[in-house]
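Colleague:
Residue numbers (the numbering used here): 577 to 847.
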């Protein structure tokens, strides 16, 4: 569901492990980037529309997101702040919201216990509930699915959990539709194949999900340059785009991306 009349959002992502912001390729080979508090403040000053904080090792290590660090990052922000990683209970969701998060992102816990989506939406509101899908291209054979819609030539995508380390055998579009039915307010759609590659967003993936889902879709994985954002909004029909590497490494600023989007006729909030 791409709301064309609304401003498209640019969302820097802080992947956090061990209290530090990190970045890798295909969810591996992590390198340290810097302090989440300083980076959060820096990206807000650049004109970020929102900020996402993902404790990427939490689910794999069976622990909860670091609440104290979330509070420290939130204290320096006035833009919407989404927090995820190891969020597996309504109690933790409430704690994160009380400590500065505006939205909470769930992934592994939602796959393991889908009722969590309904609990969050019912108690805190759908606008607080972001379901993150980490997905990988598949030939579709053997996937558990209720719907048959895939990409060109029957392309499908499989859901991954535990920071991309575990395959589920579930069809990603099927799962996304179920998440929306259960109350998810947004879908954070990350392409494992594109993650950290600087090869551009997966346009086919994003377009199919944006067309089929009735809630905003945040495209993630593969941001290359300002033109790649134009592509994911115009061709992929995304509502928002999340990126890390190109901002962390100083290849482009958020302002440069927005300037290019504005020139291309894509509605964005300019500072």
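The beta carbon of each residue, even a glycine, is placed where N, CA and C say it ideally should be.
1) Are the beta-carbon atoms belonging to residue 666 and residue 695 less than 7 Å from one another?
2) Helix, strand or coil: how does DSSP classify residue 847 here?
3) Helix or strand or just coil, what does DSSP make of residue 632?
4) Pick out whichever of 834, 789 and 766 has its Cα sitting closest to the Cα of residue 778.
5) Who are the near neighbours of residue 643 in its chain, counting only those whose CB is closer than 7 Å to its CB and skipping five residues on each side?
6) Alpha carbons only, please: which of 740, 701 and 617 is nearest the one belonging to residue 771?
7) Thinking just about the alpha-carbon of each residue, which of 655, 699 and 713 is nearest to the one in residue 620?
8) Between residue 622 and the rest of its own chain, which residues show a CB-CB distance below 7 Å, the 5 nearest in sequence each way excluded?
9) For residue 792, which residues in the same chain have their Cβ closer than 6 Å to its Cβ, ignoring the five residues on either side in sequence?
10) Taking all protein chains shown into account, decide if residue 743 is buried (16 or more other Cβ within 10 angstroms of its Cβ) or exposed.
11) How far does the beta strand (DSSP E) with residue 710 in it extend, from its first residue to its last?
12) Are residue 613 and residue 648 closer than 7 Å when you measure CB to CB?
13) How close, in whole Å, do the beta carbons of residue 559 and residue 710 come, if the pair is a contact with beta carbons under 8 Å?
14) Going by DSSP, name the residue or residues bridged to residue 736.
15) Could you check if residue 846 is buried or exposed, using at least 16 other CB atoms within 10 Å of its CB as the buried criterion?
Modeller: The answer reads as follows:
1) Yes, these two residues count as a Cβ contact at 7 Å.
2) Coil, per DSSP.
3) Looking at residue 632 - three-state DSSP - the assignment turns out to be coil, as it is neither helix nor strand.
4) When 834, 789 and 766 are compared, the shortest CA-CA separation from residue 778 is found for 766.
5) Excluding sequence neighbours, residue 643 sits near 671, 672 and 675.
6) For the residues 740, 701 and 617, the minimum Cα distance to residue 771 belongs to 740.
7) The residue with the shortest Cα to Cα distance from residue 620 is 655.
8) So the list reads 829, 830 and 831, once near-sequence residues are dropped.
9) Same-chain partners within the cutoff: 762 and 815.
10) Residue 743 counts as exposed, since fewer than 16 other C-beta atoms from the protein chains shown sit within 10 angstroms of its C-beta.
11) Bounds of the beta strand (DSSP E) holding residue 710 are 705-714.
12) Cβ distance < 7 Å, so residue 613 and residue 648 count as in contact.
13) Because the chain here runs from 577 to 847, residue 559 falls outside it and cannot be looked at.
14) 710 and 743, per the DSSP bridge assignment.
15) Exposed, since its Cβ has fewer than 16 Cβ neighbours within 10 Å.
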